[in-house]
Structures are given as C-alpha cells and as structure tokens.
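Each remark here refers to the structure printed beneath this line.
There are 2 protein chains.
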Amino acid sequence: MGEEAIRFGILGCAEIARKVSRAISLSPNATLYAIGSRSLEKASKFAASNGFPAHAKVYGSYEAVLDDPDVDAVYVPLPTSLHLHWAVLAAQKKKHLLLEKPVALNVSELDQILEACESNGLQYMDATMWMHHPRTHNMFHFLSDPHHFGRLQSVHATFSYGVSPYFLENDIRVKPDLDGLGTLGDTGWYCVRAILWAANYELPKTARALDKPTYNEAGVILACGASLSWEDDKVATFYCSFLSDMAMDITAMGTKGSLRVHDYVIPNKEKEATFSTSSNSDFVELSIGWAPNPCVHTTLTDLPQEALMVKEFSSLVGAIKFSNSKAEEKWPTISRKTQLVIDAVKASIDNGLQPVQIKD
Amino acid sequence: MGEEAIRFGILGCAEIARKVSRAISLSPNATLYAIGSRSLEKASKFAASNGFPAHAKVYGSYEAVLDDPDVDAVYVPLPTSLHLHWAVLAAQKKKHLLLEKPVALNVSELDQILEACESNGLQYMDATMWMHHPRTHNMFHFLSDPHHFGRLQSVHATFSYGVSPYFLENDIRVKPDLDGLGTLGDTGWYCVRAILWAANYELPKTARALDKPTYNEAGVILACGASLSWEDDKVATFYCSFLSDMAMDITAMGTKGSLRVHDYVIPNKEKEATFSTSSNSDFVELSIGWAPNPCVHTTLTDLPQEALMVKEFSSLVGAIKFSNSKAEEKWPTISRKTQLVIDAVKASIDNGLQPVQIKD
Numbered sequence: 555m556g557e558e559a560i561r562f563g564i565l566g567c568a569e570i571a572r573k574v575s576r577a578i579s580l581s582p583n584a585t586l587y588a589i590g591s592r593s594l595e596k597a598s599k600f601a602a603s604n605g606f607p608a609h610a611k612v613y614g615s616y617e618a619v620l621d622d623p624d625v626d627a628v629y630v631p632l633p634t635s636l637h638l639h640w641a642v643l644a645a646q647k648k649k650h651l652l653l654e655k656p657v658a659l660n661v662s663e664l665d666q667i668l669e670a671c672e673s674n675g676l677q678y679m680d681a682t683m684w685m686h687h688p689r690t691h692n693m694f695h696f697l698s699d700p701h702h703f704g705r706l707q708s709v710h711a712t713f714s715y716g717v718s719p720y721f722l723e724n725d726i727r728v729k730p731d732l733d734g735l736g737t738l739g740d741t742g743w744y745c746v747r748a749i750l751w752a753a754n755y756e757l758p759k760t761a762r763a764l765d766k767p768t769y770n771e772a773g774v775i776l777a778c779g780a781s782l783s784w785e786d787d788k789v790a791t792f793y794c795s796f797l798s799d800m801a802m803d804i805t806a807m808g809t810k811g812s813l814r815v816h817d818y819v820i821p822n823k824e825k826e827a828t829f830s831t832s833s834n835s836d837f838v839e840l841s842i843g844w845a846p847n848p849c850v851h852t853t854l855t856d857l858p859q860e861a862l863m864v865k866e867f868s869s870l871v872g873a874i875k876f877s878n879s880k881a882e883e884k885w886p887t888i889s890r891k892t893q894l895v896i897d898a899v900k901a902s903i904d905n906g907l908q909p910v911q912i913k914d
Numbered sequence: 555m556g557e558e559a560i561r562f563g564i565l566g567c568a569e570i571a572r573k574v575s576r577a578i579s580l581s582p583n584a585t586l587y588a589i590g591s592r593s594l595e596k597a598s599k600f601a602a603s604n605g606f607p608a609h610a611k612v613y614g615s616y617e618a619v620l621d622d623p624d625v626d627a628v629y630v631p632l633p634t635s636l637h638l639h640w641a642v643l644a645a646q647k648k649k650h651l652l653l654e655k656p657v658a659l660n661v662s663e664l665d666q667i668l669e670a671c672e673s674n675g676l677q678y679m680d681a682t683m684w685m686h687h688p689r690t691h692n693m694f695h696f697l698s699d700p701h702h703f704g705r706l707q708s709v710h711a712t713f714s715y716g717v718s719p720y721f722l723e724n725d726i727r728v729k730p731d732l733d734g735l736g737t738l739g740d741t742g743w744y745c746v747r748a749i750l751w752a753a754n755y756e757l758p759k760t761a762r763a764l765d766k767p768t769y770n771e772a773g774v775i776l777a778c779g780a781s782l783s784w785e786d787d788k789v790a791t792f793y794c795s796f797l798s799d800m801a802m803d804i805t806a807m808g809t810k811g812s813l814r815v816h817d818y819v820i821p822n823k824e825k826e827a828t829f830s831t832s833s834n835s836d837f838v839e840l841s842i843g844w845a846p847n848p849c850v851h852t853t854l855t856d857l858p859q860e861a862l863m864v865k866e867f868s869s870l871v872g873a874i875k876f877s878n879s880k881a882e883e884k885w886p887t888i889s890r891k892t893q894l895v896i897d898a899v900k901a902s903i904d905n906g907l908q909p910v911q912i913k914d
C-alpha cells in the first residue's frame with residue numbers, strides 16, 4: 555500500500571462495519587485509518603478485532619473522526635435516521651462518503667446529502683456491494699446484448715432473509731425511529747436497484763405496491779412487494795421480506811433471451827459466483843424439450859465484492875485528491891433513482907396501494 | 555397393451571395433438587383408436603404420420619368420433635371457443651374428456667362442461683401436462699415439508715415463448731374469435747396453475763392485473779402480469795407473454811426454505827429434469843456467503859410427462875369403466891380454480907387494473 559492509499563474513518567461499530575473493515579484491509583488502495591463510536595471502549599475493541607493497524611486512530615465520538623484532518627473518506631453504517639445529520643456533517647468536513655443503504659429516509663433527505671457532497675467536490679457512493687462484483691458486470695454485458703438478450707420485457711427481483719425472533723424484537727431495522735422503511739429500505743433497496751440495473755437505470759414511470767404488506771406492531775414493514783412500469787412496455791415486480799428464508803433472485807426476460815441469478819446480493823461463495831442465461835431458445839420437434847438449452851456462467855474473483863467496492867470508491871477519491879478529477883456522477887445518480895422508487899413504493903403502501911407516479 | 559387399454563379419439567389435427575398422440579402410444583394403458591378432422595384427407599395424413607395403428611378409425615368429422623361406440627375417451631385440442639360445444643357433446647355421447655387448455659373462455663362455460671361430465675359419470679382432466687412429471691411430485695413434496703420449506707410466503711411464476719411474426723399474424727392464439735384470452739389463456743394458464751399448485755390449491759381471494767398489458771390490434775392480450783393475494787399473508791405474482799424469449803420459472807419462497815425451477819412447463823430435456831432448493835440458510839460469519847448452500851435435485855423419468863398424463867387419465871377412466879369407480883374430483887376441481895383466477899385477472903385487465911374478488 556503506497557502513500558496514495560485512501561484513509562478511511564468509520565462511524566460506529568455496526569455489524570456490517572466488520573465486513574467493510576475487512577474490505578478496506580483487502581483493497582490495495584485503501585487503509586483503515588480511524589474508528590469512532592459513542593463509546594471509546596467499543597471503538598477500541600472494534601479496532602482490535604477488525605484488523606485495524608496499530609497506529610489507527612480510535613475515537614470516542616463520530617465528530618472526532620470527522621475532525622481528523624487525515625481522514626480522506628468515511629464509511630457510514632449508522633441507522634438510517636441518523637444519515638442526514640452525519641452524512642451532511644461529514645461532507646461539510648470534506649470527507650468523501652461511502653454511505654450504507656438505505657441511504658436516507660426519503661429523497662428529500664438524500665438530496666441534502668448529495669448537495670453537501672457535490673458542493674464540497676466529494677465522491678459519494680452507496681454501499682450496494684453487489685454492484686461491484688465482476689459477475690454483475692458479466693450479467694450486465696449479457697443484458698446489453700441485442701442479439702442474445704434483446705429488449706428487456708420483464709424483471710422480477712427478490713430479497714429476503716429469515717430473521718430471528720430476537721431480530722424481530724430488537725434490530726434497528728424494525729424500529730420506526732431508526733430504520734423507518736423496514737424491509738423495504740433494507741432488502742427492498744436491493745430489489746429496486748436490481749430492477750433499475752436491469753433496465754439500464756431508466757427510471758420507471760409508475761410504482762404500485764402489491765397486496766398485502768406485512769407490518770410489525772410499530773407499523774414497520776416486514777414484507778411487501780411492488781410492481782413498476784415504464785413509458786414503454788417494460789414491467790417489473792419485486793418481493794422483499796424479513797419473514798421468508800434466504801432468497802436473492804433476479805429473473806430478467808428479454809425479447810431474445812433471459813437471465814437468472816439466485817444470490818445476487820451476497821453470492822453463495824465468496825470467490826466463485828454463477829448465473830444462467832438462455833438465448834433464442836425454441837422448442838424441439840414435438841415440443842418435448844428446448845434448443846438451445848440454458849447455460850450456466852461462472853465468474854471467479856480474487857477480491858470479494860466489498861473490497862472491489864472499496865477499491866472503486868478509493869480510486870475515484872484518489873483521482874479527486876491527487877489528480878483534481880471531478881466526482882463520478884454515476885453513483886449519486888443511481889442512488890437517487892433507487893431512493894425515488896423506494897419513496898414511490900412507500901407512498902403507494904401508505905395510500906392504499908394506489909399507483910404513484912415517479913418523478914425525477 | 556391388454557384389452558383394458560383405453561381407446562382414445564382425437565378431435566382435430568392440431569400441432570399439439572401430435573405430441574399427445576405420441577403420449578397415447580407410449581402410455582401402457584391407452585391406445586390411439588380414432589382421429590377426426592373436418593377434412594378426411596387431413597385426418598388420414600395425421601394418422602399416418604403420428605403412429606396410429608393400421609386399424610385406427612379415420613373420420614372426416616368430429617361427430618363421427620363421438621358417435622363411434624368403441625371410443626372411450628376423447629382428447630380435445632380445438633381452439634378454445636369451440637370447447638363448450640364439442641366438450642359438452644362429447645360428454646353427452648359418454649366420452650371421457652381430456653381437454654386441452656385453456657379449457658374454456660370463462661368459468662360459466664367450464665361449468666357447463668364439468669356438469670356434462672359429472673352427470674354422465676365421466677372423468678374430466680385438463681391437459682396441463684407438467685402436473686404429471688415426477689419432478690412436479692418431488693417439488694410438491696418439498697413445498698409440503700414444514701421443516702425445509704415451511705409456510706408459503708410468496709410465489710412468482712413466468713411463462714413466455716418468443717413467437718414468430720407468422721404466429722403473431724396467424725395463430726389461433728392471437729385471434730379474438732378463437733382463443734380470446736390470448737397469452738393469458740395460453741401461457742398464463744400455466745402460471746396460474748403453478749401458483750395454485752404452490753399454494754396447495756387454496757384459491758386466492760383477490761387478483762389484480764399489473765401495469766401494463768400488451769395487446770394486438772384485435773385486442774388480444776400478448777403479454778400481461780398479475781398479483782394474487784390470499785386471506786392470510788401469502789402473495790403471488792406472474793408474468794406471461796408471447797413477446798419474450800422462452801422462460802418458465804417458479805420461485806416459491808417459504809418461511810424456512812425456497813424452491814426454484816426454470817423449465818416447469820416443458821423440461822429442457824425429456825428424461826431428466828432439475829429444480830433447486832434452499833433450506834434454513836443463514837449468512838456465514840461476516841455475511842460473505844451462505845450456509846448451507848442451495849441444492850440441485852434431478853428427477854429421471856422413462857415416460858415423458860405427456861405419457862404419464864395419459865396414463866393417469868386412462869387409469870381413472872379404466873377404474874370407472876371396469877370397476878365402477880367414481881370420477882376423480884381433483885382434476886375438475888383444480889381446473890375450475892385455475893379458470894376462476896384467469897377470469898378474475900381478465901376482469902381486472904378489463905376494469906382498468908382494479909382488484910377483483912375471486913369467488914368459488
């Protein structure tokens with residue numbers, strides 16, 4: 555790791571911060587530089603057990619991380635309701651921002667965060683890790699192929715994981731004052747991103763929540779679905795849940811082919827991931843089989859997707875820091891589109907499942 | 555083949571009748587006995603090229619098949635708009651009925667067909683062939699397992715095949731006076747059946763068509779989707795189309811596991827079919843993988859699913875004919891439920907995507 559390594563500060567000791575700390579360690583252009591928690595003891599323990607170098611800074615507050623002039627970028631895995639405050643403050647303190655999802659409670663909050671990053675010349679990226687897996691690029695290549703996939707007609711995405719009774723009582727993701735979007739913000743975020751990704755980030759025109767969302771006693775969504783439609787004939791559906799066993803599917807159907815993946819968010823295995831495609835299939839004589847048959851494609855990766863995310867983010871930060879580049883607009887743009895769709899689905903849930911127009 | 559073999563008559567020389575003729579030949583308890591077409595020449599050609607024995611009867615009308623006292627059962631692959639007339643007449647002539655899907659234009663027509671079968675003590679079965687594949691039984695066994703699948707939460711089904719420009723101009727499935735339900739009756743039938751099957755045939759309470767159905771110039775549906783919901787928290791979606799490349803997916807998510815199949819209607823290969831399951835999966839330490847990983851299950855079959863359908867149907871017909879058994883009610887019951895859901899989706903499409911209550 556040369557002097558050019560981007561120095562990360564982490565705000566808080568969330569469980570997910572352990573995985574991202576490892577990713578920062580693994581990334582060739584990033585370094586674990588500081589950790590801040592409201593409890594200095596917790597921060598010290600976290601640093602000790604998550605591969606922070608001996609010289610890393612350990613702070614007893616989030617502010618202290620932001621006030622450290624040697625921190626280049628912060629990773630923010632705080633509860634969503636705290637994002638607006640800490641992300642904006644981080645930007646004001648000139649820290650590039652890797653923001654855990656869901657990035658905000660709504661697009662109005664996100665716009666304040668994005669404005670703070672933009673006006674300070676900072677790179678923003680949300681921590682949607684699977685976007686950085688080389689399999690994702692290979693799948694996107696297939697979806698972009700006019701001869702083997704054609705024009706997208708329909709896409710269905712799922713993400714669920716069966717949570718424990720303890721989670722259902724205590725996790726921040728079921729608390730209205732912490733992660734008010736519940737599973738829609740947590741697992742639904744990935745479904746919406748998957749759909750946007752499959753549609754080459756064309757924003758749908760309409761969102762409608764499906765019968766019937768499940769809530770906890772505090773009114774937080776535990777399971778829900780929605781349908782999306784575009785100006786043309788493309789359509790999409792998704793289903794996200796805390797109440798079903800693990801599932802992470804994308805089924806994308808095009809005029810000339812289709813694509814399936816069953817572990818798009820977190821691959822079954824870290825270094826080897828598969829997806830399957832079918833192209834220009836027809837029935838064989840008498841319609842007793844297919845020709846050609848679907849294919850399975852395997853992608854190998856040395857660096858896990860989380861490290862590839864950190865590497866990409868750090869590379870953009872480095873270009874700004876060392877080469878006066880401008881921030882890459884793709885990441886805030888797709889983050890905002892994801893939030894716009896989430897907001898529309900939430901509005902549809904709140905208005906009795908009426909369709910909601912999505913406006914940029 | 556003993557004397558007990560059920561003697562089939564076929565009404566019409568539809569393309570699909572070629573596959574079912576082969577299935578009748580392959581089934582150990584059935585025999586190709588008669589073919590009728592409005593053209594005697596067509597019927598003769600069909601018999602000659604589809605394995606009919608030399609002594610098979612070849613008729614220049616459908617009536618003649620029904621009037622042949624030695625015909626036990628008829629297979630009816632006529633355009634849907636002709637089903638009511640010919641299926642009821644067949645029943646009046648005491649012929650057991652294997653009816654191609656979509657079975658009727660609406661449930662009121664189907665009820666007349668079912669009443670004619672029932673009052674004449676006849677077996678009715680629709681020709682939803684994949685129901686009879688041993689893989690289907692294996693999958694159902696998994697879905698019924700309280701420890702490995704749990705309670706169904708969500709199911710998504712697809713069926714599409716990319717049709718030719720010729721098909722889009724000329725096929726009966728795009729003609730309002732022949733198969734007025736278009737792709738909803740053709741490919742949607744399978745999606746709805748798959749959803750009912752996954753829900754152990756519990757009828758949903760509500761159907762709502764999704765934005766936005768695609769029609770041809772004559773107003774026949776070429777692509778559409780719908781969401782279904784039950785009294786409890788189960789939900790389902792499907793997408794059916796003539797405009798996407800081949801796809802036949804079921805994704806069923808339960809509280810403790812999930813199931814995926816990608817060729818449920820017609821397996822990729824005739825004698826070997828797979829599906830995959832996942833059960834009680836959790837993230838590994840640091841959430842960088844799954845444990846346990848999903849499993850692939852392979853089912854081998856000597857007889858193709860179409861022959862197993864004919865065998866099952868003939869066995870039921872034989873029990874009535876030779877052992878005074880009563881008709882098996884499962885088959886008309888699930889056929890009627892499928893039609894009820896199709897009708898509700900069609901009604902929702904016709905009423906501007908409003909929800910439609912499904913009443914038994």
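Which chain is which? The protein sequence lines are A and B, in order.
For the working numbering, add 554 to where a residue sits in the first sequence, where the first one is 1.
For the working numbering, add 554 to where a residue sits in the second sequence, where the first one is 1.
Glycine included, C-beta positions come from ideal geometry on N, C-alpha and C.
| Item | Value |
| --- | --- |
| Just confirm the distance between the C-beta atoms of residue 657 of chain A and residue 728 of chain A, as a whole number of angstroms; I'd bet it's less than 8 angstroms. | Contact doesn't hold; Cβ gap of about 19 angstroms is too wide. |
| Would you check if the stretch 696-708 of chain A and the stretch 787-805 of chain A touch, i.e. whether three or more CB-CB distances between them fall below 8 angstroms? | yes |
| Going along the chain, which residues of its own chain have a beta-carbon closer than 6 angstroms to the beta-carbon of residue 882 of chain A, five neighbours each way excluded? | 870 |
| Return the chain-ordered list of same chain residues with a C-beta closer than 7 angstroms to the C-beta of residue 876 of chain B, the five sequence neighbours on each side being excluded. | 558 |
| Using only the alpha-carbon positions, how far apart do residue 603 of chain B and residue 571 of chain B sit? | 12 angstroms |
| Skipping 5 residues on each side, what residues in its chain have a beta carbon closer than 6 angstroms to that of residue 679 of chain A? | 652, 867 and 885 |
| Threshold first: 4 residues or longer. Then list the alpha helix (DSSP H) segments lying entirely within the stretch 694-736 of chain A, N to C. | 719-724 |
| To which residues does DSSP link residue 781 of chain B through a beta bridge? | B:762 and B:791 |
| Can at least three beta-carbon pairs, one atom from the stretch 688-699 of chain B and one from the stretch 811-830 of chain B, be found at a separation below 8 angstroms? | yes |
| Taking 8 angstroms as the CB-CB cut-off, is residue 837 of chain A touching chain B? | yes |
| Can you give me the C-alpha to C-alpha distance between residue 913 of chain B and residue 783 of chain B, rounded to a whole angstrom? | 13 angstroms |
| For residue 611 of chain B, count neighbouring Cβ atoms within 10 angstroms of its own Cβ and tell me buried if that reaches 16, exposed if not. | buried |
| Step through the CB atoms of chain B and report whether any lies within less than 8 angstroms of the CB of residue 856 of chain A. | no |
| Mind pulling the chain A residues with CB within less than 7 angstroms of residue 906 of chain B? | Those do not exist, as residue 906 of chain B stays about 11 angstroms from chain A at its closest Cβ, beyond 7 angstroms. |
| Which whole-angstrom value describes the C-beta separation of residue 744 of chain A and residue 713 of chain A, a residue pair presumed to lie in contact below a C-beta threshold of 8 angstroms? | 5 angstroms |
| Out of curiosity, what's the CA-to-CA distance linking residue 843 of chain B and residue 854 of chain A? | 14 angstroms |
| Name, please, each residue of chain B whose Cβ falls closer than 8 angstroms to the Cβ of residue 820 of chain A. | 837, 841, 842, 843 and 844 |
| By Cβ distance below 7 angstroms, which residues in the same chain neighbour residue 701 of chain A in space, the five residues on each side in sequence not counted? | 810 |
| Out of B:900, B:857 and B:781, which one is the CA nearest neighbour of residue 683 of chain B? | B:857 |
| How is residue 621 of chain A classed by DSSP in three states: helix, strand or coil? | helix |
| What first and last residue would you give for the beta strand (DSSP E) that runs through residue 497 of chain A? | In the structure as shown, chain A starts at 555 and stops at 914, and residue 497 of chain A therefore has no counterpart that could be examined. |
| Answer yes or no: does any C-beta atom of chain B fall closer than 8 angstroms to that of residue 911 of chain A? | no |
| List the residues of chain A that residue 572 of chain B touches, going by C-beta distances under 7 angstroms, in chain order. | 840 |
| Taking Cβ to Cβ, would you say residue 891 of chain B is nearer than 8 angstroms to residue 755 of chain B? | yes |
| For a contact defined as C-beta to C-beta under 9 angstroms, what are the partners of residue 698 of chain B on chain A? | Here the premise fails: no neighbours, minimum Cβ distance about 15 angstroms. |
| Below 9 angstroms between beta carbons is the criterion; list the residues of the stretch 651-669 of chain A that meet it against any residue of chain B, in chain order. | none |
| Distance cutoff 8 angstroms, beta carbons only. Does residue 848 of chain B sit that close to anything in chain A? | yes |
| Taking the continuous alpha helix (DSSP H) assigned at residue 925 of chain B, which residues delimit it? | Residue 925 of chain B lies beyond the range of chain B shown here (555 to 914); nothing can be said about it. |
| So with Cβ pairs under 8 angstroms, would you call residue 722 of chain A a contact of chain B? | no |
| Helix, strand or coil for residue 901 of chain A, going by three-state DSSP, please let me know. | helix |
| Quick check on the burial criterion: 16 or more other C-beta atoms within 10 angstroms. Buried or exposed for residue 724 of chain A? | exposed |
| By the criterion of Cβ-Cβ separation under 8 angstroms, what are the contact partners of residue 781 of chain B in chain C? | Here chain C cannot be found, since the structure's protein chains are A and B. |
| Short of 9 angstroms Cβ to Cβ, which residues in the stretch 719-747 of chain A face chain B? | none |
| Could you tell me if the beta carbon of residue 777 of chain B falls within a distance shorter than 7 angstroms of some heavy atom in the ligand GDP? | For the ligand GDP, the structure offers nothing, since it holds no ligand at all. |
| Taking the C-alpha atoms as reference points, what is the distance between residue 690 of chain B and residue 839 of chain A? | 23 angstroms |
| DSSP three-state call for residue 853 of chain B: helix, strand or coil? | strand |
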